[in-house]
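I have placed the structure first, in the form of structure tokens, so that the comments after it can refer back to it.
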Amino acid sequence: MPQPIQFLPPRQDVLSRRATIIDDLRGLLPADCVIHEARELVPFETDAFISYRRVPLAVVLPRTTSQVAAVMKYCHRYGIPVVPRGAGTSLSGGAIPQEDAVVLGLSRMSRIIEIDYANRTATVQAGVTNLNISEAVAVDGFFYAPDPSSQLACTIGGNIGMNSGGAHCLKYGVTTNNLLGVKLVLVDGQVIELGGKHLDAAGYDLLGLVCGSEGQLGIVTEATVRLIAKPEGARPVLFGFSTSEEAGACVADIIAAGIIPVAIEFMDKPAIEICEAFAKAGYPLDVGALLIVEVEGSEAEMDATLENIVEIARRHQVMTVRECQSATEAALIWKGRKSAFGATGRIADYICMDGTVPLGKLSYVLKKTSEIVDRFGLRVANVFHAGDGNMHPLILFNANDPEEAMKAEEAGNEILKLCVDAGGCLTGEHGVGIEKRDLMRHQYTPAELAQQMAVRAAFDEDWILNPSKVFPLEGRG
């Protein structure tokens, strides 16, 4: 049985100065922007990876970049760890604090600064939710492409930290493909700007380095993102198969044929039943696996693309093909998929994995995943972005049973190792956080890890930014 995930031991010199630190923070920010009472700190002790909790030393909720800079300058001066936090939807424990840390929450930085249709960009504060951007420009026929299932709540700052994706990333890419610039507060409080409205920048690609860095290189306070014109039309289609292996093989053949739908989403039978019970989306219940394939364009273009996809699906013994007939039906189909995590939470505790595999290995990895979970006496529901091989097995367990909880973590570790061994990687969009931190040794050699840590230390040599995350605790410095 694995040992519980460890955090760095708290810095006793920081803990001993708690009262002074809180007073100093209240001098830097308005009083209502500093949270320090025990009962008020409880909501910040964990994120969506609820297996671990730590009550932070304090929480600050700044409203401006200058306030973030003041906090970072102070914490850097006195060696106080800082844990950035967006909406707290991280599924890898990326925003879980530690006892000597100040949580720097960006939820109050929720202003859309500028919408520039001439350059097709939006500039927003880091606390703006993903969906807010699309809603703000929808009336003018535009949208922001990345659409994680948590897009109703998750914020742009968190999306940048984890390089989040979503169902439509198959065609439009993940956050890094839609991010043009950021305002970044460095660990010592300096403010820099990377990128901008232009499509490329001279020098090293520091913007690409920041996107996906999980809050360890600096605090993103503003972002400039790409806006995309809405397509002429979009149509989701349900494809039902008798087995997960047939559905996985169909996905691989669709992509191999050079067809790039806007989305290909996968659900196995347990996930279908869970989502249908919640959303009443009309999913077929007599199939073993379901693909939601969405195409877009003109009516003629969608018809031609679907004709080719249906032909491929028939080669894999497709049982059901159901085209969406209305906007209401399309909304229900996507409601079911995007509600999968919440709907699963109604029936059981779960750990959501995030491994990515080559498409040609989907069928193999699905089969082995079921075998792993069965061996631990647990259940699994698979729902994921099949088009880019980003798997999200939901391992169901009872969180009130410590032994079963540890079994779920061990099963998850084996699944992630399976993804790496199949030629994939540990994470597609949830980040490493604490969940996958110790598995980094399975994917990277000591030399590769040392090089990554050297880059990280170049931004924060004392490791005060999100210090217990991403890299194994041993060998730092």
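Numbering (the working numbering), first residue to last: 61 to 537.
C-beta atoms are modelled at their ideal positions from N, C-alpha and C, and glycine is treated no differently.
Span of the alpha helix (DSSP H) around residue i
{"i": "Val188", "result": "Note, Val188: premise wrong, no alpha helix (DSSP H); not H, not E."}
{"i": "Pro296", "result": "Where Pro296 is concerned, there is no enclosing alpha helix (DSSP H), although the beta strand (DSSP E) it sits in stretches over Ala294 to Phe301."}
{"i": "Phe401", "result": "Ala400 to Gly405"}
{"i": "Phe67", "result": "Element bounds for Phe67: n/a, residue is neither H nor E."}
{"i": "Arg137", "result": "Thr125 to Tyr138"}
{"i": "Asn219", "result": "Ile216 to Met222"}
Euclidean distance between Cα positions of residue i and residue j
{"i": "Val128", "j": "Leu366", "result": "49 Å"}
{"i": "Met61", "j": "Asp461", "result": "Because the pLDDT at Met61 is just 48, under 50, the model does not fix this residue reliably, and the value given afterwards should be weighed accordingly. Between Met61 and Asp461, the C-alpha separation is close to 14 Å."}
{"i": "Leu525", "j": "Gln250", "result": "14 Å"}
{"i": "Ile172", "j": "Arg439", "result": "42 Å"}
{"i": "Cys507", "j": "Arg168", "result": "First, the amino acid is wrong: residue 507 is Ala here, not Cys. Whole-angstrom Cα-Cα distance: 40 Å."}
{"i": "Val184", "j": "Val280", "result": "11 Å"}
{"i": "Ala341", "j": "Ala403", "result": "13 Å"}
{"i": "Pro18", "j": "Val142", "result": "Outside the displayed span of the chain (61 to 537) sits residue 18, for which this structure offers no information."}
{"i": "Arg382", "j": "Ile393", "result": "11 Å"}
{"i": "Leu259", "j": "Arg113", "result": "41 Å"}
{"i": "Asn458", "j": "Val353", "result": "33 Å"}
{"i": "Leu419", "j": "Gly447", "result": "8 Å"}
{"i": "Asp160", "j": "Ser528", "result": "12 Å"}
{"i": "Tyr138", "j": "Arg295", "result": "55 Å"}
{"i": "Thr189", "j": "Ala155", "result": "17 Å"}
{"i": "Leu89", "j": "Ala317", "result": "57 Å"}
Selected residue, minimal CA-CA separation from residue i, among the options
{"i": "Gln344", "options": "Gly300, Asn219 and His258", "result": "At residue 344 the sequence reads Pro, which differs from the Gln that was named. Cα-wise, what sits closest to Pro344 is Gly300."}
{"i": "Asp540", "options": "Glu361, Asp434, Asn473 and Met132", "result": "Residue 540 is absent from the structure shown; the chain starts at 61 and stops at 537."}
{"i": "Gln377", "options": "Lys340, Ile369 and Asp498", "result": "Ile369"}
{"i": "Gly491", "options": "Thr106, Thr404, Met379 and Asn223", "result": "Asn223"}
{"i": "Thr303", "options": "Ile324, Leu422 and Glu354", "result": "Leu422"}
{"i": "Ala339", "options": "Glu389, Asp73 and Arg375", "result": "Glu389"}
{"i": "Gly357", "options": "Ile320, Glu336 and Thr380", "result": "Ile320"}
Sub-8 Å separation of residue i and residue j beta-carbons
{"i": "Lys467", "j": "Phe436", "result": "yes"}
{"i": "Thr215", "j": "Ala261", "result": "no"}
{"i": "Leu277", "j": "Phe202", "result": "no"}
{"i": "Asp176", "j": "Lys257", "result": "yes"}
{"i": "Gly87", "j": "Thr149", "result": "no"}
{"i": "Glu489", "j": "Asn450", "result": "yes"}
{"i": "Arg145", "j": "Val162", "result": "no"}
{"i": "Gly165", "j": "Phe109", "result": "no"}
{"i": "Thr125", "j": "Val245", "result": "yes"}
{"i": "Leu239", "j": "Leu267", "result": "yes"}
{"i": "Lys133", "j": "Asp248", "result": "yes"}
{"i": "Ile334", "j": "Ile407", "result": "yes"}
Beta strand (DSSP E) segment containing residue i, residue limits
{"i": "Leu254", "result": "Val251 to Gly255"}
{"i": "Ala283", "result": "Ile279 to Arg286"}
{"i": "Leu454", "result": "Pro453 to Phe457"}
{"i": "Val120", "result": "Ala118 to Val120"}
{"i": "Phe104", "result": "Run containing Phe104: none; DSSP gives neither H nor E here."}
{"i": "Met513", "result": "Unbroken run through Met513 is the alpha helix (DSSP H), Pro506 to Phe519; no beta strand (DSSP E)."}
{"i": "Met327", "result": "Ala323 to Asp328"}
{"i": "Leu240", "result": "Leu239 to Val245"}
Distance cut-off 7 Å: residue i Cβ against heavy atoms of the ligand NAP
{"i": "Thr106", "result": "The ligand NAP is not part of the structure shown, which contains no ligands of any sort."}
On the three-pair Cβ rule with 8 Å, is the segment 119-134 touching the segment 84-102?
Flag = yes, the segment 119-134 and the segment 84-102 touch.
Count the CB pairs spanning the segment 287-299 and the segment 259-275 that are closer than 8 Å, and state whether there are at least three.
No contact exists between the segment 287-299 and the segment 259-275.
Counting pairs of beta carbons, one from the segment 223-231 and one from the segment 108-117, are three or more of them closer than 8 Å?
Short answer: they don't touch.
Is the segment 306-314 touching the segment 387-405 in the sense that three or more CB pairs, one from each, lie closer than 8 Å?
As far as the Cβ criterion goes, the segment 387-405 does not touch the segment 306-314, which means the pair count is below three.
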